[in-house]
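Numbering (the UniProt record's numbering), first residue to last: 1 to 450.
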């Protein structure tokens, strides 16, 4: 109905324009009608201009509609009242289409924000890399893991070591790799999985990373604890009666020796027997003490954490170890930045770790001229509290550094291999890490990262 009305209006306007044109033609041929001819000419021009404007109105609105749809300008409104009341439905249809397109866009943006929120907060580091090395996705977990706010290109990972960088370069879709990487002087073991995705005809490699360093450390420690528990139980069950019988035998031999004082030959033989039995008893006691020391690895109590000022902690540790510095002519430095640094820990446990580390440092510099030991505390780039004990001794070879935290491992003749293993267990109980590295100028540094 509306379009018929539009056509009728066009016909009427055209008829009037033709009639005016005919009248203009007649007046031009008649003398004395020059003024009338001019007026009619103006009217004809006006009528044809109106016809053109009237017919092009819908075309202009169509162009405006398509431009709005193409550029996402959903604020446009279409009103065809000037064309005629019958075109209200067309204007309403245009407005309805734009409204639905706007609603679809809002829904799509909400879904996109939802997906982005999930990707940002998922506890797994995610990195998406184009074939040209450009990094397109870099979620919050990845930023926390690597301690960087922005990664633009795959080359930015070179700072974490050539092996790690090459692994990221060469990993293919469907592959899983176990990779060691050092980040902020802390060792991480990452399981990296690669998936190939295609978005807008562009190929991307999506890398997901899982840091299993703590899980491996806990599992390894639990395995050692189970082994130690079984061994100590079996050894104690076997050695206890031997030690008891050996002590009883010592007492019996001593009684017999007293009764045979008048028989020198027998007394001499009893002395040999007594020495042998005393050796068995002494070694049995030593073995029992040795086994008891390892029981500490399986009976570590839960940390009783309390807010602790590190200045107070350091001063107490220093007072307990001052004699070592003086006896061995060692220069000792202590530094805390900031000075008001606090830490929530089990003071007794951490104090014992520091004392053990300082004792190890004293032994490490025992043959060094101008020996020096430093004990410092600071906040690292991630805001974690770090306590370090450093010396200028001979350092620790790489093959030994990878084993020093393993229970029973020791390079000392009288060492038990318990101290550093226990320190590692204490740090795990504090949800922290203990690590060691060689110093460029010589010596080694043990780091406790909380």
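Even glycine gets a Cβ: it sits at the ideal position worked out from N, Cα and C.
**Request:** Check whether the Cβ atoms of residue 168 and residue 160 lie closer than 7 angstroms to each other.
**Result:** no
**Reduced DSSP category for residue 51 - H, G, I as helix; E, B as strand; rest coil** = helix
**Request:** Tell me where the beta strand (DSSP E) around residue 182 begins and ends.
**Result:** 176 to 183
**Request:** Just tell me which of 206, 89, 344, 13 has its CA closest to the CA of residue 135.
**Result:** 206
**Asked** Looking at the structure shown, is residue 152 part of a helix, part of a strand, or coil, going by DSSP?
**Response** coil
**Prompt:** Taking C-beta to C-beta, are residue 40 and residue 23 nearer than 7 angstroms?
**Reply:** yes
**Prompt:** Can you give the Cα-Cα distance for residue 325 and residue 278, rounded to whole angstroms?
**Reply:** 39 angstroms
**Item:** Bounding residues of the beta strand (DSSP E) (the contiguous stretch that carries residue 130)
**Value:** 126 to 130
**Message:** Check for me: the alpha helix (DSSP H) holding residue 320 runs from which residue to which?
**Reply:** 310 to 328
**Asked** Hey, would you say the C-beta of residue 192 is under 6 angstroms away from at least one heavy atom of the ligand COA?
**Response** Among the components of this structure there are no ligands whatsoever, and the ligand COA is therefore not found.
**Three-state secondary structure (DSSP) of residue 435** = strand
**Request:** From the DSSP output, read off the bridge partner residues of residue 306.
**Result:** 345
**Prompt:** Which whole-angstrom value describes the C-beta separation of residue 449 and residue 209, a residue pair presumed to lie in contact below a C-beta threshold of 8 angstroms?
**Reply:** Actually they are not in contact, since the Cβ atoms of residue 449 and residue 209 sit about 20 angstroms apart, beyond 8 angstroms.
**Request:** Using 10 angstroms around the beta-carbon of residue 405, count the other beta-carbons present and answer buried if the total reaches 16, otherwise exposed.
**Result:** buried
**Prompt:** Between the C-alpha atoms of residue 428 and residue 378, what's the straight-line distance to the nearest angstrom?
**Reply:** 20 angstroms
**CB of residue 344 within 7 angstroms of CB of residue 318, strictly** = no
**Request:** For the alpha helix (DSSP H) holding residue 135, just list the boundary residues, first then last.
**Result:** Element bounds for residue 135: not the alpha helix (DSSP H) but the beta strand (DSSP E), 135 to 138.
**Prompt:** So, are the CB atoms of residue 171 and residue 142 less than 7 angstroms apart?
**Reply:** no
**Asked** Looking at C-beta atoms only, is the number of pairs between the segment 377 to 395 and the segment 435 to 450 that lie closer than 8 angstroms three or more?
**Response** yes
**Prompt:** Quick one: is residue 92 buried, meaning 16 or more other Cβ sit within 10 Å of its Cβ, or exposed?
**Reply:** exposed
**DSSP beta-bridge partners of residue 202** = 199
**Request:** Taking the CB atoms as reference points, tell me whether residue 78 and residue 50 lie closer together than 7 angstroms.
**Result:** no
**Burial state of residue 66 (16 or more Cβ within 10 Å)** = exposed
**Message:** Which same chain residues end up closer than 7 angstroms to residue 147 when comparing Cβ atoms and leaving out the 5 residues on each side of it in sequence?
**Reply:** 183, 184, 381, 382
**Prompt:** Using the C-alpha atoms, what's the distance from residue 96 back to residue 431?
**Reply:** 59 angstroms
**Prompt:** Quick one: what does DSSP say residue 59 is sitting in, helix, strand or coil?
**Reply:** helix
**Message:** Closer than 8 angstroms is the cut-off here; do at least three beta carbon pairs connect the segment 363 to 374 with the segment 124 to 134?
**Reply:** no
**Message:** Quick check: what's the CA-CA separation for residue 394 versus residue 375?
**Reply:** 18 angstroms
**Request:** Put residue 212 into one of helix, strand or coil per three-state DSSP.
**Result:** coil
**Prompt:** According to the Cβ coordinates, are residue 251 and residue 303 closer than 7 angstroms?
**Reply:** no
**Request:** Using the Cα positions of residue 2 and residue 90, report the straight-line distance between them to the nearest angstrom.
**Result:** In this predicted model, residue 2 has a pLDDT of only 47, less than 50, meaning its place in the structure is not dependable; the value taken from the coordinates is given anyway. The alpha-carbon atoms of residue 2 and residue 90 are separated by roughly 9 angstroms.
**Request:** Return the CA-CA distance between residue 33 and residue 20, expressed in angstroms with no decimal places.
**Result:** 15 angstroms
**Request:** Tell me residue 452's beta-bridge partners as DSSP assigns them.
**Result:** Past the boundaries of the shown model lies residue 452; the chain is included only from 1 to 450, so the question cannot be answered.
**Per DSSP, cross-strand counterpart(s) of residue 447** = 388, 435
**Request:** Go ahead and label residue 121 buried or exposed: buried means 16 or more other beta carbons lie within 10 angstroms of its beta carbon, across all protein chains shown.
**Result:** exposed
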